[in-house]
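Going by full-length UniProt numbering, the sequence shown opens with residue 1, and the numbers climb by one from there. Worksheet: one structure, shown below.
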Amino acid sequence: MDKPIDRVTIGHMIRKKRKELRLRLEDVADENVSPSTISNIERGVQIVAKEKIAYVAQKLEVEIPEVSSMLRQIGKREQKILSKLKRLMSTTDFADPAKALKRIDDLKVDEF
Numbered sequence: 001m002d003k004p005i006d007r008v009t010i011g012h013m014i015r016k017k018r019k020e021l022r023l024r025l026e027d028v029a030d031e032n033v034s035p036s037t038i039s040n041i042e043r044g045v046q047i048v049a050k051e052k053i054a055y056v057a058q059k060l061e062v063e064i065p066e067v068s069s070m071l072r073q074i075g076k077r078e079q080k081i082l083s084k085l086k087r088l089m090s091t092t093d094f095a096d097p098a099k100a101l102k103r104i105d106d107l108k109v110d111e112f
């Protein structure tokens, strides 16, 4: 089995694609990622969330198997959270906002 591609390699792939498209960091940046975050991704900095890496890779249409897998996992997690929120909304007694807030706080929405 192949070992996963490391962040530095992914960053190089993203930078290469951005350069091929003749885009500046500012051209790729938007409300979800800043130019400095994109720079950190391209340099393989460890503090960048995997979601941000996946987002930039998808935006630039960089084909990385791990990114595709990450996107599927993120989608599944979002669906679970949405399902829990829908159940919560349908069963919560809105006459007791403190109870509703407690149930929302109890949802486990952790970093990927």
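Quick reminder that beta carbons are idealized off the backbone N, C-alpha and C, glycines included.
Taking the beta carbon of residue i as the centre, do at least 16 other beta carbons fall within 10 Å, making it buried, or is it exposed?
i: residue 102; result: exposed
i: residue 42; result: buried
i: residue 112; result: Caution applies to residue 112, whose pLDDT of 38 falls short of 50 and renders its modelled position unreliable; the value that the coordinates give is listed next. By the neighbour-count rule (16 or more Cβ atoms within 10 Å), residue 112 is not buried but exposed.
i: residue 32; result: exposed
i: residue 10; result: buried
Flag this pair as yes or no: are the beta carbons of residue i and residue j separated by less than 8 Å?
i: residue 60; j: residue 17; result: yes
i: residue 38; j: residue 29; result: yes
i: residue 35; j: residue 21; result: no
i: residue 46; j: residue 7; result: yes
What are the boundary residues of the alpha helix (DSSP H) that includes residue i?
i: residue 32; result: Note, residue 32: premise wrong, no alpha helix (DSSP H); not H, not E.
i: residue 56; result: 50 to 59
Looking at C-alpha atoms only, which residue of the options is the closest neighbour of residue i?
i: residue 12; options: 44, 85 and 106; result: 44
i: residue 85; options: 98, 73, 105 and 96; result: 105
Between the region 47 to 62 and the region 81 to 90, can you find at least three pairs of beta-carbon atoms closer than 8 Å? no
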